[in-house]
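Those letters in the first sequence? Residues 153 to 720, per our numbering, in order. Using N, Cα and C, we set each Cβ at its ideal position, and we do this for glycine too. Keep in mind it's a predicted model, so treat the numbers as computed, not measured.
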Amino acid sequence: MSAFSEIRAEVATALASASGLPVSEVDGLLTWPPPGVAADFAFPCFTLAKTLRKAPPAIATEIAAKITSGGIVVSAAALGGYVNVRTDPGKQSARVIAQALREGDRYGMSTEGAAKTIVIDYSSPNIAKPFSIAHLRSTVIGRALVNVYRALGYTVVGVNHLGDWGTQFGKLITAFKAWGDEKQLEERPIRYLLELYVKFHAEVKSKPELDDDARRWFKRLEDGDADARALWQRFRDLSLTEFNRVYDMLGVTFDRFSGEAFYNDRLDATVARVEAKGLATRSQDALVVDLEPYGMPPCLLRKADDATLYATRDLAAAYYRHEQFQFHKNLYVVGSDQTLHFRQLFKVLELLGEPWAASCVHVPFGLIQFKDGKMSTREGKVVFLEEVLAKAVELAADIIREKNPELASRGDVAKAVGIGAVVFNDLKNRRIKDVLFDWNELLNFDGKTGPYLQYTHARAASILRKAGALSSTPPYERLVEPEESAVVKLVGQFPDRIRAAADEYEPSMVSQHLLDLAEAFNTYYNHHRILLDDDAPLREARLALTASVKQVLKNGLSLLGVVALEEM
RNA sequence: GCCCCUAUAGCUCAGUGGAUAGAGCAAUGGUCUCCGAAACCAUUUGCGGAGGUUCGAUUCCUCCUAGGGGUACCA
């Protein structure tokens, strides 16, 4: 339990005994006062008015009078219908900071997920297509969730469910057979494959028979045709080489690189399983699971030519994951445009009578929007992630040259800052929001950004370097400034925010908390001197506070996949 | 048509059913002989509309409007 949770529980207990309510009920109502009110917790008495048949202010006055100071609680005062409780700032600081410094890199982590496995499907780019800024979202959100669940003690299996199968390969093979150029494929594989893909979609408008060719090629691929298979392998290898370069830049890793093709030899058994349950029906020559009673279009398992689809392979993958890992949860970090697909998939699992269908969760995120509409691979309307990262790193290097030309290892720092800016930009808001692609915002390093957090961390690091060794027993009771209490509170709440982020599959809960902390610390820094010359004990206490801030920023940034820098 | 998501300041977004709705960007003006000015301080503007539930709604429910997405052989 975090020190902050313990403090909250103590306040709730005090209020419970004063009001006669159960602690759990008090805890549920407990809130905090607005900025103008000098108190740490607030207890609203409005719900009691009915049962007690008294006005809320009168109830608040009675409860406040019964609260005795002692322990963490210093005083209680009624104001309107609220009981405002003040806690001892020194004791609060002592507990919170001591815990943060004692636990260090483990602060915020727990073992509550021990013996539970969580499978997370993330990134999952389509082979033979460019790694765009759209894939970045799944990649960084998924990676952050992997880190968050690991921090809570879960066993996590991160799966890159590569889009390495499907009709798109029929299209690519068709296009390559028709217009392919070996030299271009060797020299600039992904961009060239994208061009072929775009050309295919442009040509198919006037030559619809190309679609039939594509379907035939995919069918041949599924049936193990050597020619099709060889081209597929080549496209896949070339793509993976490019993807790995991007993953290296981002520092992203996976436990499994199993794509859709991996499940190819399990598809017949999967379809058979659905048929055995009597769920599969022939409709318009295709094999489907009728979902009409649930208000959804049918889930297609086989096309008219018996080739499989996305849903078939996802179904096989779900069974495979359950058999392999007996997951506690099976998460899919995939864009919100695929919500219906997952609703269908989970419904089919439910109809198959799998109790673990309820443990499968789609974790959707908003789409990247351009000023002129949605991104479209088919029209070649994409922004390459490598280009974005390169620009960000270049800009970071410019700023370093200007602000800190003497800095050692400027190249590494520029990389960390530039990439940190792009990564954090994708994690700072609630993931469901669509993102308008905007170079200015992406390349902004001021305000609520990754570099701002890195800067605050580096600033704290700089102070601690100058200070030398820390005292092991600083007088925490000296930390009574309101700006200090604000920082302490945020340090103390950090572990709870990690849990909330896991509960809601929402990395932004960590991001927003780090921004709040950095803001509070920078405000504090600008109002009070830490490295005091004339008050050694207070200096020690403030340094301990600074060290705890640095620790939280470091741990939080690490969860988000952003490098915490000592200097920048 | 039907289904899902979103709507808070000029822009991008936070916001636990509670007391005066907060940040950043942009703009303007301040703060470095002082621990890192990628920082801090100050100034201005707002909960899409209408009902409902509630002691109390930006928050929950319904309807409407707007934007985005999806809607059988792509993923």
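Asked: DSSP three-state assignment for K268, whether helix, strand or coil; Found: coil
Asked: N-terminal and C-terminal residue of the alpha helix (DSSP H) that L483 is part of; Found: Segment K481 to V485 is the beta strand (DSSP E) holding L483; no alpha helix (DSSP H) there.
Asked: Rounded straight-line distance, which links the Cα of L461 to that of D437; Found: 14 Å
Asked: Alpha-carbon spacing of V535 relative to H287, whole angstroms; Found: 11 Å
Asked: Local conformation of P186 per DSSP, three classes; Found: coil
Asked: Alpha-carbon spacing of D179 relative to V350, whole angstroms; Found: 58 Å
Asked: G487 and K585 closer than 7 Å at C-beta; Found: no
Asked: Backbone CA spacing between L605 and A672 [nearest angstrom]; Found: 12 Å
Asked: Whole-angstrom distance between P626 and A228, CA atom to CA atom; Found: 28 Å
Asked: Contact belief for L697 with I249 at Cβ below 8 Å, rounded distance in angstroms; Found: 6 Å
Asked: Beta-carbon proximity check, Y274 vs S284, cutoff 7 Å; Found: no
Asked: C-alpha gap between D240 and A166, whole angstroms; Found: 14 Å
Asked: Three-state class that DSSP yields for V175 in the structure shown; Found: helix
Asked: CA-to-CA distance, I270 to L182, given in whole angstroms; Found: 32 Å
Asked: Backbone secondary structure at A166 - three-state DSSP; Found: helix
Asked: Delimiting residues of the beta strand (DSSP E) encompassing P196; Found: F193 to P196
Asked: The ligand SAH heavy atom lying under 6 Å from the CB of H474; Found: Absence of the ligand SAH is noted for the structure shown, with no ligands found whatsoever.
Asked: Distance between beta carbons of V701 and V632, contact taken as under 8 Å; Found: No, V632 and V701 are not in contact; Cβ-Cβ is about 17 Å, not under 8 Å.
Asked: Unbroken alpha helix (DSSP H) run spanning A722, endpoints; Found: Because the chain spans 153 through 720 in this model, residue 722 falls outside it and cannot be assessed.
Asked: Anticipated Cβ contact below 8 Å, I272 with G294, distance rounded; Found: 6 Å
Asked: Residue interval of the beta strand (DSSP E) (run including F328); Found: Run containing F328: none in the beta strand (DSSP E); it sits in the alpha helix (DSSP H), T319 to W331.
Asked: Alpha carbon of D377 to alpha carbon of L324, nearest angstrom; Found: 15 Å
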